[in-house]
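**Q** Counting in numbering that gives the first Met the number 0, the sequence shown runs from 0 upward without gaps. Input: one structure, supplied below.
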Amino acid sequence: MTTTVTVHRLSNLLPSLPVPSDATGALFLLPNSLRFSTSYHPGRSRRSPLLGLQKRTLTRVSAAGWFSGFGAKKSKGAALPEIVKAGDPVLHEPADEVPSREIGSEKIQKIIDDMVSAMRKAPGVGLAAPQIGVPLKIIVLEDTKEYISYAPKNEIEAQDRHPFDLLVIVNPKLKKKSNKTAFFFEGCLSVDGFRAVVERYLEVEVSGLDRNGHPIKIDAIGWQARILQHECDHLDGTLYVDKMVPRTFRTVENLGLPLAMGCPPLDSFKEALVSAVVWNSNFRFFLGTT
Ligand SMILES: [Zn+2]
């Protein structure tokens with residue numbers, strides 16, 4: 000009886016949860032026309048070392064989805080993972096390094112392939128392995144002329160955004176190359192339907208290994224530098240909401256609304272933010288079809 004009463008009271012106290020729009024989950028704002036629905040879930044499982052991936056506690060749903068690629072018999076048509084959402088421990092804990100001898104293995108190569116496919120399917124411009132439930136230090140990113148074509152020209156310039164080919168980086172290490180920063184709204188496939196302003200360095204250097212295990216180094220500026228910082232944060236168990244400018248968090252539907260009084264009154268902040276808001280207001284037009 001006591002339990003029943005408690006549950007009843009709790010349910011009365013629960014606020015209405017916002018319903019994320021399926022049209023707004025892409026990292027860095029891609030239009031709805033590029034999005035597709037996903038149909039399976041990675042499940043909720045604790046992180047485990049590389050060689051223990053098969054030992055994860057699999058839910059029935061996850062076993063039928065992406066994890067079926069790990070040793071279990073793969074069911075026809077269930078090839079891609081769904082993006083893990085905020086709250087799953089795998090997104091809030093540091094990922095493990097990939098032993099270099101493992102990079103060429105079938106498992107790691109499949110993880111990379113799945114990440115690339117999941118990123119493109121979402122679609123997004125970057126993805127970290129924890130976002131498909133894999134607690135390993137692997138990121139993928141790419142930005143295309145097509146994606147960029149959906150953004151207003153002034154915003155592309157403000158963000159210093161340029162297309163780049165697919166990058167796969169294993170065990171990335173990121174260093175800032177200057178103290179210059181910029182404030183822009185960003186989003187995350189794991190925090191679907193929301194955005195917030197995040198301060199990021201404008202120039203970074205990322206070194207690591209490519210998918211063949213060869214050393215690589217990327218000097219990135221502008222939007223690519225932001226994507227790299229966002230993805231490397233994932234590998235530290237950090238989501239953008241952990242470092243966003245307070246009180247800028249909002250639904251995609253509210254992107255065009257004014258910021259709260261008291262947000263940092265820095266000139267660079269205001270310029271960047273005004274630009275971002277204008278951009279996002281325009282983007283809402285694209286989203287208006289949903
Ligand atoms: Zn993300």
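Ideal Cβ placement from N, Cα and C applies to all residues, glycine included.
#1: Assuming contact is defined by CB atoms lying nearer than 9 Å, are GLU141 and ALA117 in contact in what I supplied?
#2: For VAL133 and ASP87, I'd like the C-alpha separation in whole angstroms.
#3: How about the stretch 207-215 and the stretch 156-168: do they share at least three Cβ pairs that are nearer than 8 Å?
#4: Any beta-carbon of chain E closer than 9 Å to the one on TYR149?
#5: With ILE110 and LEU135 assumed to form a contact (beta carbons below 8 Å), what rounded beta-carbon distance in angstroms separates them?
#6: Short check: CB of PHE182 to CB of GLN158, under 9 Å?
#7: Please confirm whether any heavy atom of ligand 1 lies closer than 8 Å to the CB of ALA127.
#8: Within the same chain, show all residues whose beta-carbon is closer than 6 Å to that of VAL205, passing over the 5 residues directly before and after it, in chain order.
#9: TYR146 and PRO129: beta carbons closer than 9 Å?
#10: Quick check: ILE131 and VAL83, are their CB atoms within less than 9 Å of each other?
#11: Could you pull out every residue in the same chain whose Cβ sits closer than 7 Å to the Cβ of ALA94, ignoring the five residues on either side in sequence?
#12: Compute the Euclidean distance between the alpha carbons of SER61 and LYS179, then round it to the nearest angstrom.
#13: Among all the DSSP beta bridges, which residues are the ones paired with ILE147?
#14: Over the uninterrupted beta strand (DSSP E) stretch that includes ALA85, give me the two end residues.
#15: Whole angstroms is fine: what's the gap from ALA195's alpha carbon to ILE220's?
#16: Assuming ARG225 and ARG249 make a contact with CB atoms under 8 Å, what is their CB distance in whole Å?
#17: Taking all protein chains shown into account, do 16 or more other C-beta atoms lie within 10 angstroms of the C-beta of SER189, making it buried, or fewer, making it exposed?
#18: Could you tell me whether any non-hydrogen atom of ligand 1 is closer than 8 Å to the CB of CYS187?
#19: Is the closest heavy atom of ligand 1 to the C-beta of LEU166 under 8 Å?
#20: DSSP beta-bridge partners for SER206?
#21: Is it right to say ASP191 is buried, meaning 16 or more other beta carbons lie within 10 angstroms of its own, or is it exposed?
#22: So is ASP164 buried or exposed if we call it buried at 16+ other beta carbons inside 10 Å?
#23: Would DSSP call MET243 helix, strand or coil?
#24: Indicate the three-state DSSP secondary structure (helix, strand or coil) for GLU96 in the structure shown.
#25: In whole angstroms, what is the alpha-carbon distance linking THR143 and ASP113?
#26: Tell me which residue opens and which closes the alpha helix (DSSP H) that ASP235 is part of.
**A** On the basis of the data shown:
#1: In this structure, ALA117 does not lie closer than 9 Å to GLU141 by Cβ.
#2: For the pair VAL133 and ASP87, the Cα-to-Cα distance works out to about 11 Å.
#3: Yes, the stretch 207-215 touches the stretch 156-168.
#4: Checking the listed chains, one finds no chain E in this structure; it contains a single protein chain.
#5: Contact holds; Cβ gap of about 7 Å.
#6: In terms of Cβ geometry, PHE182 and GLN158 do not form a close pair [threshold 9 Å].
#7: Result yes, Cβ under 8 Å from ligand 1.
#8: Non-local beta-carbon contacts of VAL205 in its own chain, meaning distances under 6 Å to residues more than five positions away in sequence, involve PRO171, LEU173, ILE217, LEU227 in chain order.
#9: In this structure, PRO129 does not lie closer than 9 Å to TYR146 by Cβ.
#10: Yes; because the gap between Cβ atoms is below 9 Å, this pair is in contact.
#11: So the list reads ALA128, PRO129, PRO134, LEU135, LYS136, LEU234, once near-sequence residues are dropped.
#12: Only weak support is given to the placement of SER61: the predicted model assigns it a pLDDT of 32, under 50, and the value that follows is read from those uncertain coordinates. Answer to the nearest angstrom: the Cα atoms are 42 Å apart.
#13: DSSP output for ILE147 lists no bridge partner at all.
#14: No beta strand (DSSP E) holds ALA85; DSSP gives it neither H nor E.
#15: Taking the Cα positions, ALA195 is about 21 Å away from ILE220.
#16: Between ARG249 and ARG225 the Cβ distance is about 19 Å, and since that is not below 8 Å, they are no contact.
#17: With 16 or more Cβ atoms within 10 Å of its Cβ, SER189 is classed as buried.
#18: CYS187 Cβ: within cutoff of ligand 1.
#19: Answer for LEU166: no, Cβ out of range of ligand 1.
#20: Its beta-bridge partners are LYS172, LYS216.
#21: Around the C-beta of ASP191, 16 or more other C-beta atoms lie within 10 Å, and the residue is accordingly described as buried.
#22: Counting other Cβ atoms within 10 Å of its Cβ, ASP164 stays below 16 and is therefore classed as exposed.
#23: Looking at MET243 - three-state DSSP - the assignment turns out to be strand.
#24: The answer is coil: DSSP assigns GLU96 none of H, G, I, E or B.
#25: Taking the straight line joining both Cα atoms gives about 19 Å.
#26: Taken as a continuous stretch (DSSP letters only), ASP235 belongs to no alpha helix (DSSP H), as it is neither H nor E.
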